[in-house]
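Read the structure below first, then the notes.
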Amino acid sequence: MQNFELNDEQLKKAFGIYCDNLLLELPRDDVLQESQAFSKSFETKMQKLIQRAKLSPWQLHYQMAKRIAILLLAFTLGATALMQVDAIRIPVVRFFTEIHQTFTRIVFGAEDKAAVLPETIEQIYVPGFIPEGFNLEFELVDINFAVQTYHKENEYFELTQYCTTFALHLDTEGVTLEELTKDGITYSYFENKGIKNLIWEQNGYVFICDGTVERDALIQIAESLQKNN
Amino acid sequence: MNEFLLYCLSIIENEVEQSKFEALYYEYRHAMFYTANGILRDHGLAEDAVQEAFLRIMKHLEKIDENDCHKTKAFMVIIAKNIAINMYNKRKRDNEVFFFEETVEGDSSYESSKEDRDVQQIVQCIKKLPELYIHIMMLRYLYEYSDKECAELLKLSEAAARKRLERGRGLLKEQLEKEAADDAKL
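Chains as they are written, first to last, in my numbering: chain A, 1 to 229; chain B, 1 to 186.
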């Protein structure tokens with residue numbers, strides 16, 4: 001029997017051709033577009049993913065060189081603070097808010113410079129209180145964020161837990177940010193285009209609860225936050 | 001000083017607002033759905049497969065070359081297909097013996113070139129491999145993903161990915177040798 005030695009270059013070419021054949025087996029894109037309709041819930045989930053993708057860590061790779069230069073400068077100036085790491089201290093997140101004309105940008109960082117904030121989702125938090133009739137419809141846990149979406153007919157609320165490595169862009173055109181404090185936790189609340197939003201920090205993570213439910217219900221949900229076992 | 005660091009980070013973030021992910025979604029979702037639905041025959045599950053595919057792809061966007069539409073489309077389709085096959089098998093695992101191990105033998109629309117007969121022979125043998133081996137080998141050899149990246153994209157352990165690659169390559173070699181022996185008999 002003949003002995004074949006496969007090399008990577010041959011395999012690359014062969015899989016390239018295989019790839020071409022594979023695509024030729026697919027109907028034309030315009031035909032597919034006309035014949036397929038995605039469900040509303042699928043479109044909603046994908047829109048959420050798209051929004052998050054704009055903020056996700058993969059983007060960091062794009063302008064790595066530029067980032068390194070900027071961060072090195074920042075590191076040089078802030079080296080002393082950054083190098084003092086004490087894992088025992090309870091991290092307190094501070095919001096660094098830039099209010100622009102049409103959106104608010106929130107960057108997170110530790111108020112206590114020596115604090116260590118979780119960079120990945122190590123503990124998932126869930127609402128202990130769920131308004132009547134709402135059921136968990138969608139759940140997603142990624143490296144640095146976790147989402148739970150609850151639905152009841154046309155109403156929804158969503159709890160998103162972010163690590164502080166995120167920077168958020170919230171659509172706040174023409175809205176007023178209201179601050180309220182309960183049991184030592186400061187919540188930022190605003191309504192925009194019928195959607196209520198509540199943002200707060202707890203246990204080293206940042207949470208956003210948004211939805212069509214009433215403001216008080218959002219606050220109740222926020223207050224009921226508990227570890228998911 | 002912390003404010004300065006945050007300010008620096010904010011400059012960086014503002015410079016990378018583009019959404020490659022969004023472009024990929026609108027460009028390839030139909031082909032991905034078509035492929036997944038062809039395996040699962042269930043609209044909802046096929047949507048789940050597409051969504052899962054985008055979740056996995058999300059973490060590897062930096063390696064996707066948007067300028068090479070052909071290659072990118074095949075990549076997106078392969079990921080969706082792999083997930084759909086796994087979903088199909090998972091669904092069947094408990095109550096049926098049959099597993100989806102489709103091989104893709106069939107008409108080849110590619111015109112064989114005399115200069116590259118060896119490669120053509122490999123292509124014909126690739127088509128006889130189970131899909132799951134094809135997917136990982138495509139990622140490795142065509143898209144040049146590392147073992148670790150292949151493992152992440154296909155939701156395998158790194159060791160399992162390596163093993164699957166090794167086995168796929170071995171099966172391909174065996175297939176080539178078998179075909180050559182068959183040809184020799186004729």
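Positions of the beta carbon are idealized from the N, C-alpha and C atoms, including for glycine.
Check	Outcome
Min CB distance B:Met138 to chain A below 8 angstroms	yes
A:Asn228 versus A:Phe129, A:Phe15 and A:Ala37, residue with shortest Cα-Cα distance	A:Phe129
Near-chain B residues of the segment 120 to 142 of chain A - C-beta to any C-beta below 9 angstroms	Leu140 and Asp142
Endpoints, the alpha helix (DSSP H) within which A:Val31 is located	Asp29 to Ser35
Short CB-CB distance (under 8 angstroms) between A:Cys19 and chain B	yes
Alpha-carbon spacing of A:Phe157 relative to A:Asp30, whole angstroms	36 angstroms
Spatially closest choice to B:Lys71 from A:Leu22, A:Glu132 and A:Tyr205, by CA coordinates	A:Leu22
Beta-carbon separation (whole angstroms), B:Ile85 vs B:Ile57, contact threshold 8 angstroms	With 8 angstroms as the limit, B:Ile85 and B:Ile57 do not qualify as a contact, their Cβ atoms being about 17 angstroms apart.
Option nearest B:Lys173 by Cα separation, candidates B:Ala74, B:Val123 and B:Ile79	B:Val123
B:Arg162 versus B:Leu176 - alpha carbon distance	21 angstroms
Range covered by the alpha helix (DSSP H) that runs through B:Lys128	No alpha helix (DSSP H) holds B:Lys128; DSSP gives it neither H nor E.
Selection from A:Asp20, A:Glu155 and A:Glu119 that minimises the alpha carbon distance to A:Phe134	A:Glu155
Same chain, Cβ closer than 6 angstroms to A:Glu139, five either side skipped, listed in chain order	Gln148
A:Thr120 versus B:Tyr26: straight-line alpha-carbon distance, rounded	29 angstroms
Cβ-based contacts, 7 angstroms cut-off: residues of the segment 34 to 47 of chain A near chain C	Within the model displayed, chain C is absent; protein chains A and B are what it includes.
Reference A:Glu191; option with closest CA among A:Glu201, A:Leu177 and A:Asp183	A:Leu177
Test: A:Ile208 CB closer than 8 angstroms to a CB of chain B	no
Helix, strand or coil at A:Val147 [DSSP, three-state]	strand
Residue from B:Arg140, B:Gln120 and B:Glu62 whose Cα sits closest to the Cα of B:Gly166	Reading off the sequence, residue 166 of chain B comes out as Glu, not Gly. Ranking the options by Cα distance to B:Glu166, first place goes to B:Arg140.
Contacting positions in the segment 4 to 15 of chain A - beta carbon closer than 7 angstroms to chain B	Phe4, Leu6, Asp8, Gln10, Leu11, Lys12, Lys13, Ala14 and Phe15
Limits of the beta strand (DSSP E) - the one that A:Gly211 falls within	Tyr205 to Gly211
Beta carbon of B:Glu152 nearer than 8 angstroms to that of B:Lys59	yes
Which of helix, strand or coil DSSP assigns to B:Phe54	helix
Environment of B:Gln51 [buried if 16+ CB atoms lie within 10 Å]	buried
Listed by chain order, chain B residues near A:Pro118 by CB distance under 9 angstroms	In chain order: nothing, as chain B lies at least about 17 angstroms away.
Proximity winner among A:Lys13, A:Pro27 and A:Ser41, relative to B:Tyr143 (alpha-carbon distances)	A:Lys13
is_contact[B:Asp118, chain A] using C-beta, thresh 8 angstroms	yes
CA-to-CA distance, A:Leu159 to A:Gly211, given in whole angstroms	9 angstroms
Within 8 angstroms, strictly: CB atoms of B:Leu154 and B:Asn82	yes
7 angstroms Cβ shell around B:Ile126 - same chain, five flanking residues per side excluded	Ile134 and Leu172
Alpha carbon of A:Cys163 to alpha carbon of A:Leu6, nearest angstrom	45 angstroms
A:Leu32 and B:Ala31 closer than 8 angstroms at C-beta	yes
B:Ile64 - DSSP class collapsed to helix/strand/coil	coil
Contact belief for B:Asp147 with B:Glu131 at Cβ below 8 angstroms, rounded distance in angstroms	The Cβ separation is near 19 angstroms, so there is no contact.
Closer than 8 angstroms to chain A by CB, B:Lys128	no
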